[in-house]
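Protein chains in written order, with the working numbering: chain A, 4 to 311; chain B, 20 to 557. Every residue gets a Cβ at the ideal spot worked out from N, C-alpha and C, and that includes glycine.
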């Protein structure tokens, strides 16, 4: 067990190293010159050369990368080229709101997804089932920007139930979180539906019913715990998908999170921030998967990792 | 002195007054307003800040030796009480106002001015504005790191600053009015180091009270501001991260007073025709020209006939229609509000038949293949498509390369990469209202270097010499002649047709009904986008 966890952590670190390398290489190859960007349009060649030297951009790629890794190990993510502030300060100021939105958004995804999945499985092949599955399909395939704009317009402008974007209390959080929840719930409802149907056909369910247990009891105590297992690792994978949705939804709702920061940095080719956000997202995804994989072991004791 | 200011006086007051009544009311003190922006305020360090959000904010927090009359492009003194220029135009002596204090309570003196200018020029500051000060004696030594001071700046006493130039520069007073020339207190800069931009201390009308990164900033009135009664507002809350469409909806509800990003292009017609917005929308001209560069070093664009043909092939009126009439068609590099703009100049007519004939003459009767580089946000790609269709009319097959801003700038600055660049979204809005700012970096030889902004790589040494001669005309009574001379330089350059000037963009600000003050303040040509010091709440 310990060996399994150690192995997983080692793999995770390797993945993160790979992510830094690929991100750094891609941004190195972009045909934009950060020194020029910083120096502005009035700069002389001398000034540009001076700035390039100060930033270490005149070094060969491997030296720049090794230098970046060295700083990274000390927790130094560098300074933004545009804002000139420490990347770590900028990230820290935005992690909180993003975690809030993420927790609430994934919460709604699970709530909506699992409920719809159960209903669809119980009423399988009925009209209701088809409607619900069509709904989940539409949700998963809608573009986030349009859906978020429509939700904002309908619920905040037209009906006036929610404030028009911004950050603050629960009332600000609900609309973006529900929007993300509805859009992402399709993955869960489809998965819960198929896994429920599979469990419902198992012998032990028939036995439970045969020995006289009530319908609700069978569903909650026997079917659901078994059907829910594949959902847990799905959450780990979902964190990555969720991040990409956040970039758009945060921008529409004016939510001061990492997604918004990343979106701005990409437009300004602010490389230290792009690398920083990518790193942080990669850590979140790797960590999410690790935790999900370990959690499954506790939920379902039948899974034996010593065999793998 | 008054005469001198008149010399620079630019006739172009940039606002179209949509409701005269506003201007006639007397300003009232007090009040708090909410202003929104989409993108982060990067920094409030005057030596570094150079974007849409922070330009006017910095002007409200800091002062320089010179400034402009509110809502105009007319120079006035600011921290300087008055000034003298030597006859050879090389020595500027500024006399400072006495008793002006920084937000930290200390009095501003001559050594602060010297320190601030040296800080901007110092390569360690990495200021995007350092290059503007290249005419000050000792600039080269400092830029290369040989010296840590500017030998050209001396302070005979606490209230006198003497600046010695290495070459006459008629635009120097404008340079002294740039944000990059703002006066900062040394002790605060040293206290915060590279984070001074998050903890700004100046002499301006407002001071920063609170800044939650990525969320909001609060400016409060500086009670000790040296101008009596200014600012009118007690407090401004800047809310950051607001999508422009959402900001306009909130403005309609009365939650927002100024939507800082204006109106998104796609929504423009809807707002323009909405009676609710009619009185809230202010239209102003800006010192902007949108142009298509043609790289004069890349065949077949190296042939002047080809470049002239392209000038005649593009239907500028149609392009203006594509952006819902948010601009006026242009025929020369200078925008109409700039001194030196030649009203008589007709430019190249839109004449497809003649364009074809010119191409034939140049030996390209069958046309040729080329590329247009363009920034990838709306409406720029749509404009590039219109140009592409116009070029197809004369047989020129252009491929559109739509990239992120920084990448287009990099492509334009590489000698053999971009045959044509559409400047939209990147260039050129004047840094200061003087024609010289439209020449050197974008049409002169100094900009035609790798990484430069002269994307047509046009380098005409004769015209560069003319430009230097015009900039040596510093005497107040020469200003009219100087402007005309500059105008001639630009129209002469058009004979070589390195650009297709397409249009001059207008600016639109939307404010709530309770906001008072002249409309010109809301589309201020210098305090871009809004002059916060002089607006007020009814």
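- Around residue 89/B, the same chain offers 537, 539, 540, 543, 546, 550, 552, 553 as residues with beta carbons nearer than 8 Å, after the five sequence neighbours per side are excluded.
- Within chain B, 425, 428, 429, 432, 470 have C-beta atoms less than 9 Å from the C-beta of residue 36/A, given in sequence order.
- For residue 421/B, the enclosing beta strand (DSSP E) starts and ends at 416-422.
- By the neighbour-count definition (other C-beta atoms within 10 Å, threshold 16), residue 122/B is a buried residue.
- Counting only residues of its own chain and dropping the five nearest sequence neighbours on each side, residue 263/A has a CB closer than 6 Å to the CB of 253, 254.
- Taking a beta-carbon distance threshold of 9 Å, residue 61/B counts as an interface residue toward chain A.
- Only 213, 214, 216, 217, 231, 232, 233 from the region 209-233 of chain B bring a Cβ to less than 8 Å from some Cβ of chain A.
- The three-state secondary structure of residue 248/A, taken from DSSP, is helix.
- Taking 9 Å as the cut-off between beta carbons, none of the residues of the region 292-315 of chain B comes near chain A.
- By the criterion of a C-beta distance shorter than 7 Å, residue 139/A is surrounded in its chain by 119, 188, 189, 192, 193, once the five residues flanking it on both sides are discounted.
- Within the region 404-467 of chain B, the complete beta strand (DSSP E) runs of at least 3 residues fall at 416-422, 439-441.
- Chain A has no Cβ within less than 9 Å of the Cβ of residue 399/B.
- If you look at residue 526/B, you'll find it in the beta strand (DSSP E) that goes 518-530.
- Distance from the Cα of residue 424/B is smallest, within the candidate group 93/A, 55/A, 39/A, 142/A, for 39/A.
- A residue is called buried when at least 16 other Cβ atoms come within 10 angstroms of its Cβ; residue 126/B does not meet this threshold and is exposed.
- Taking 9 Å as the cut-off, the Cβ atoms of residue 457/B and residue 441/B do not count as close.
- Within its own chain, the residues whose Cβ lies closer than 6 Å to the Cβ of residue 200/B, once the five positions on either side in sequence are excluded, are 83, listed in chain order.
- Within chain A, the residues placing a beta-carbon under 9 Å from that of residue 153/B are 45, 47, ordered along the chain.
- Taking a cut-off of 8 Å for Cβ pairs, the region 344-352 of chain B and the region 515-529 of chain B touch, as three or more such pairs fall below it.
- Residue nearest to residue 197/A within the set 184/A, 136/A, 169/A is 136/A (criterion: CA-CA distance).
- Around residue 137/B, the same chain offers 161, 167, 168, 169, 172 as residues with beta carbons nearer than 8 Å, after the five sequence neighbours per side are excluded.
- Here the region 507-518 of chain B makes no contact with the region 285-300 of chain B; the two share fewer than three CB pairs at distances below 8 Å.
- Taking the beta carbon of residue 439/B as reference, no residue of chain A falls within 9 Å; the closest one sits roughly 17 Å away.
- Taking 9 Å as the cut-off, the beta carbon of residue 37/A is found no closer than this to the beta carbon of residue 68/A.
- Along the length of the region 250-277 of chain B, whole beta strand (DSSP E) runs at least 3 residues long occupy 254-259, reported in chain order.
- Within the region 103-167 of chain A, the runs of alpha helix (DSSP H) that reach at least 4 residues and sit entirely inside it are, in chain order, 130-144, 147-154.
- Each of 75/B, 72/B, 92/B was checked against the Cα of residue 454/B, and the nearest Cα belongs to 92/B.
- For residue 165/B, there are no C-beta contacts with chain A under 9 Å, since the nearest C-beta of that chain is about 11 Å from it.
- Contact between residue 101/A and residue 249/A holds: their C-beta atoms lie close to 7 Å from each other, under 8 Å.
- Contact check for residue 87/A against residue 216/B passes: the beta carbons are separated by less than 9 Å.
- The Cβ atoms of residue 79/B and residue 548/B lie no closer than 9 Å to each other.
- Chain order gives no chain A residues near residue 195/B, where near means a beta carbon separation below 7 Å; the closest approach is about 15 Å.
- Cβ-Cβ distances below 8 Å link residue 289/A to 15, 18, 19 in the same chain, with the five nearest sequence neighbours on each side left out; the list follows chain order.
- Considering only 411/B, 396/B, 271/B, the residue with the shortest C-alpha distance to residue 427/B is 396/B.
- Taking a contact as a CB-CB distance under 8 Å, the pair residue 291/A and residue 239/A counts as one, their CB atoms being some 4 Å apart.
- Residue-level contact by beta carbon holds for residue 146/B and chain A, with a gap shorter than 9 Å.
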